[in-house]
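Have a look at the structure below, then the notes.
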Amino acid sequence: MVTVDVAAARGKQGSSRVSEEGAGWDGQQIGTFEALRPSKDTFTWLNPRTLWRSRNEILAGLFGDPSTEVRRRWVASQRENGADPDFRITREVGQDFSFLVIGDTGEGDASQYAVVPGLLKLGADTSFAVIASDVIYPTGAASDYGDKFFRPFKDYDAPIYAIPGNHDWYDGLGGFMRVFCGSKPLQVQGEGFRLSPAGLRGLLWKKPEAIDEPALAEAWKLRGRPSQQAVQPAPYWVLDLGRLLVVGIDTGIRGTLDREQGEWLRHVSADPRPKILITGKPIYVRDDYKPCPIEGGGTVDEIVTAPQHNYLAAIGGDVHNYQRFPVKVGDRVIQYLVAGGGGAFMHATHTIPRVTRVPEDAFKCYPLRGDSLSFYSLLYSRRLRMKWLYLTPDQGLALMSQRVGNTPPRDMTEPVPITSRMKWAARILGAWPFPLSLPVGRFFHRWISELSDWDTPPFFKSFLHLSVANDELRIRCFAATGCLAQELNPPLEDEIKIPLPVT
């Protein structure tokens, strides 16, 4: 813990909230992550083959999502094979302990490997890690686990647990269940073709890929030490850490829970000890509220907010940045976090409007809205050969602070007058309203970010370090830019201290 505290103190002095240098803008040296990469290939969503392999997301929205039934089959299979009835994992971690949470990791390119050096440094003394959503892109196939899971985390000397994201489900969860639960493949049940939505879905649906067991066994050797081993009972589970429970839920492709999982969640949540929820889809994101419906009635957030269940925080992946909403619920505050910055392309934060769910200045995000705007302006000024589109970090900061009406999160080197040219650049990038109020911001968030992957720093990646000590839970967000300076001293972008309630 001492090592992390010293690193955190240094990180506070050099974060994006302090200076442009802390944000990685002036990084002169590329980090050591380059040497860790197995190849120089860049994962891209511009590849038609990648988009076609990911078609199940669209099909599930158009014709219905079969993941609920597949999950029931996986869970029944695990129970038949002797899994703990409560899907409980018990770990002896002592009174004081720490662990990592990383979301949306598995692109396998520079943006994922850029997270590794800082994660290894600050995670050296942690008891375990949890991957929150989308372990493997684009489809969760077992054949991709070598370079996108085993290799990047080969030197993390503790177990890694995970909950699946929508991309892990595009393979029917076959790769995920084989790697994390030790499960054999389910027998394929073809739907056949008929003139119905389900029939069309069955015709077009991407089927699970066969697992190359010798290749997977070879990849497993990269994380073959006894200290790294763990088998989880199901795609959803509860980690019993004595003083704290960590509850992981599987929200599938569409962000819902099936009836059986909902009943299980209510059951394990009845334990009065303090809890953290890890979910594949965040409950609060971009000032939207997504309570996560449960089949048969109710929502996940109803369970989280019930006082007797004692949830302190809910951490979700899926969106590739960091956001925090401290939501007042009765006489207490629950911290709702988005923690999807663990390796995939960055979802823009400059399209996040002034928040209303919590006070604007209580809301935190990384990257800062101004840095997000500046980076995308740089990216598109180069792609479109339009130099006027570029906005400096100070200009981005000034524009976003005026747009959302918040206190500038970083001191600017000098006052920045906002010009018409800057406003039009911000409009094109979804950060400033058009006269006709076109929905550019949401379009940018949903599609443009996804098609704008890049392979050079700063990456604006992040991961969470959570610790329990002295009757207090601390959640810290550390940045990974890909620059050597931020590898040596990972910037501390946000920190929350939560008293552990006595039970």
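Heads up: the sequence shown begins at 567 in this note's numbering, then just goes up one per residue. Using N, Cα and C, we set each Cβ at its ideal position, and we do this for glycine too. Computed from a predicted model, the values in this text were never measured in an experiment.
Proximity of R976 and R583 at Cβ, strictly below 8 Å: On the sequence shown, position 410 is the one that residue 976 refers to. On the sequence shown, position 17 is the one that residue 583 refers to. Cβ distance < 8 Å, so R976 and R583 count as in contact.
Separation of A872 from E1016, as counted between CA atoms: Within the sequence shown, residue 1016 is the residue found at index 450, counting from 1. Within the sequence shown, residue 872 is the residue found at index 306, counting from 1. About 36 Å.
Assumed close pair V813, S835 - CB separation to whole angstroms, cut-off 8 Å: Here residue 813 refers to the residue found at position 247 of the sequence shown. Here residue 835 refers to the residue found at position 269 of the sequence shown. With a contact defined as Cβ atoms closer than 8 Å, V813 and S835 qualify at about 7 Å.
Same chain only: Cβ atoms within 8 Å of I1070, ignoring 5 sequence neighbours per side: Coverage of the chain is limited to positions 567 through 1069, which leaves residue 1070 absent and any answer about it impossible.
Option nearest T610 by Cα separation, candidates Y888, Y703 and F716: As a first step, residue 610 must be located in the sequence shown, where it is residue number 44. It is Y703 whose Cα lies nearest to the Cα of T610.
With 16 other Cβ atoms within 10 Å as the buried cut-off, status of E1059: Walking along the sequence shown from the start, residue 1059 turns up at place 493. By the Cβ-count criterion, E1059 is buried, with 16 or more other Cβ atoms from all chains shown falling within 10 Å of its own Cβ.
Beta-carbon contacts of L939 that lie in its chain and below 7 Å, excluding the five residues immediately before and after: Locating residue 939 in the sequence shown gives position 373, counting from the first residue. The residues are H916, L957, G962, L965, M966, A992, L995 and A997.
Beta strand (DSSP E) segment containing V532, residue limits: Lying before the first or after the last residue shown, residue 532 is absent from the chain, which here runs from 567 to 1069.
DSSP state of L805 mapped onto helix, strand, coil: The residue labelled residue 805 in the question sits at position 239 within the sequence shown. Collapsing the DSSP output to three states places L805 in a strand.
Range of the contiguous beta strand (DSSP E) that encloses E1059: One-based indexing of the sequence shown puts residue 1059 at position 493. DSSP places E1059 inside the beta strand (DSSP E), whose first and last residues are L1058 to P1065.
Meets three-Cβ-pair contact criterion under 8 Å: the segment 637 to 654 and the segment 710 to 727: Taking one beta carbon from each stretch, the segment 637 to 654 and the segment 710 to 727 have fewer than 3 pairs nearer than 8 Å; the two do not touch.
Backbone secondary structure at S605 - three-state DSSP: As a position in the sequence shown, residue 605 is number 39, starting the count at 1. Look at S605 here: in three-state DSSP terms it is coil, with no helix or strand label.
Contact set for D837: own chain, Cβ-Cβ below 7 Å, skip 5 residues either direction: Residue mapping note: residue 837 aligns to position 271 of the sequence shown, counting from 1. Within the same chain, D837 has close Cβ partners L811.
Beta-bridge partners of D854, as assigned by DSSP: Locating residue 854 in the sequence shown gives position 288, where the first residue counts as 1. Per DSSP, V851.
Start-to-end residues for the beta strand (DSSP E) that takes in C931: Locating residue 931 in the sequence shown gives position 365, where the first residue counts as 1. Note, C931: beta strand (DSSP E), K930 to Y932.
Beta-carbon proximity check, Q794 vs A724, cutoff 8 Å: Residue numbering aside, residue 794 sits at position 228 when the sequence shown is read from its first letter. Residue numbering aside, residue 724 sits at position 158 when the sequence shown is read from its first letter. Remark: C-beta atoms of Q794 and A724 approach each other more closely than 8 Å.
Residue from W786, W735, L878 and I596 with nearest C-alpha to P1065: Within the sequence shown, the letter at position 499 stands for residue 1065. The option with the nearest alpha carbon to P1065 is L878.
Length-filtered (3 minimum) beta strand (DSSP E) runs lying within the segment 895 to 924: Entirely contained in the segment 895 to 924, the beta strand (DSSP E) runs reaching 3 residues are, in chain order, 898 to 905.
G689 and Q1052 closer than 8 Å at C-beta: The count along the sequence shown starts at 1 and reaches residue 689 at position 123. The count along the sequence shown starts at 1 and reaches residue 1052 at position 486. Taking the C-beta atoms as reference points, Q1052 is found no nearer than 8 Å to G689.
Selection from P892, K894, L686 and E829 that minimises the alpha carbon distance to G862: Indexing the sequence shown from 1 puts residue 862 at position 296. Just measuring C-alpha positions, the residue of P892, K894, L686 and E829 sitting nearest G862 is E829.
Rounded C-alpha distance that separates Y888 from P919: What you label residue 888 is simply residue 322 of the sequence shown in a count that begins at 1. What you label residue 919 is simply residue 353 of the sequence shown in a count that begins at 1. Straight through space, the alpha carbons of P919 and Y888 are spaced by roughly 15 Å.
Contacting residues, own chain, Cβ-Cβ under 8 Å from N1036 (five flanking each side not counted): Start at 1 with the first residue of the sequence shown, and residue 1036 comes out as number 470. Same-chain partners within the cutoff: D662.
Range of the contiguous alpha helix (DSSP H) that encloses Y942: Within the sequence shown, the letter at position 376 stands for residue 942. Its alpha helix (DSSP H) spans residues R935 to R949.
Residues sharing a beta bridge with E1038, DSSP: Mapped onto the sequence shown, residue 1038 falls at position 472. According to DSSP, which records beta bridges pairwise, E1038 is partnered with A1035 and P1065.
T616, enclosing beta strand (DSSP E) - first and last residue: For the purposes of this step, residue 616 is taken as the residue at position 50 of the sequence shown. For T616, no beta strand (DSSP E) encloses it; the enclosing alpha helix (DSSP H) starts and ends at P614 to R619.
Distance between F653 and R948 (C-alpha atoms, nearest Å): To locate residue 948, count along the sequence shown from 1; it is residue 382. To locate residue 653, count along the sequence shown from 1; it is residue 87. Between R948 and F653, the C-alpha separation is close to 50 Å.
G689 - DSSP class collapsed to helix/strand/coil: Against the sequence shown, residue 689 aligns to sequence position 123. Here G689 sits in coil by DSSP.
Counted within 10 angstroms of its Cβ, other Cβ atoms place F759 as buried (16 or more) or exposed: If you number the sequence shown from 1, residue 759 lands on position 193. Low confidence applies to F759: its pLDDT is 40, below 50, so where it sits in the model is not reliable, and the reading given next is rough at best. With a threshold of 16 other beta carbon atoms within 10 Å, F759 falls short and is exposed.
Burial state of I624 (16 or more Cβ within 10 Å): Along the sequence shown, read from residue 1 onward, the residue named residue 624 stands at position 58. Here I624 is exposed, its C-beta having fewer than 16 other C-beta atoms within 10 Å.
Where V885 falls, given that 16 or more other Cβ within 10 Å makes a residue buried: Sequence index remark: in the sequence shown, residue 885 carries index 319 (1-based). Buried, since its Cβ has 16 or more Cβ neighbours within 10 Å.
Whether G1048 touches A676 by CB criterion (8 Å): On the sequence shown, residue 1048 is found 482 positions in, with the first residue counted as 1. On the sequence shown, residue 676 is found 110 positions in, with the first residue counted as 1. Their beta carbons are under 8 Å apart, which means G1048 touches A676 by this criterion.
Beta carbon of A680 nearer than 8 Å to that of F599: Residue numbering aside, residue 680 sits at position 114 when the sequence shown is read from its first letter. Residue numbering aside, residue 599 sits at position 33 when the sequence shown is read from its first letter. At a Cβ-Cβ threshold of 8 Å, A680 and F599 count as neighbours.
Closest by C-alpha distance to Q678, when choosing among E1061, D1019 and E1038: Along the sequence shown, one-based indexing puts residue 678 at 112. The option with the nearest alpha carbon to Q678 is D1019.
Where I994 falls: helix, strand or coil (DSSP): For the purposes of this step, residue 994 is taken as residue 428 along the sequence shown, with counting starting at 1. Of the three classes helix, strand and coil, the one that applies to I994 here is helix, per DSSP.
Spatial distance of G906 from S699 (CA atoms): In the sequence shown, counting from the first residue as 1, residue 906 sits at position 340. In the sequence shown, counting from the first residue as 1, residue 699 sits at position 133. Each residue's Cα considered, the two are about 8 Å apart.
Beta-carbon proximity list for L1032, same chain, < 6 Å, skipping 5 on both sides: As a first step, residue 1032 must be located in the sequence shown, where it is residue number 466. The residues are F665 and I1041.
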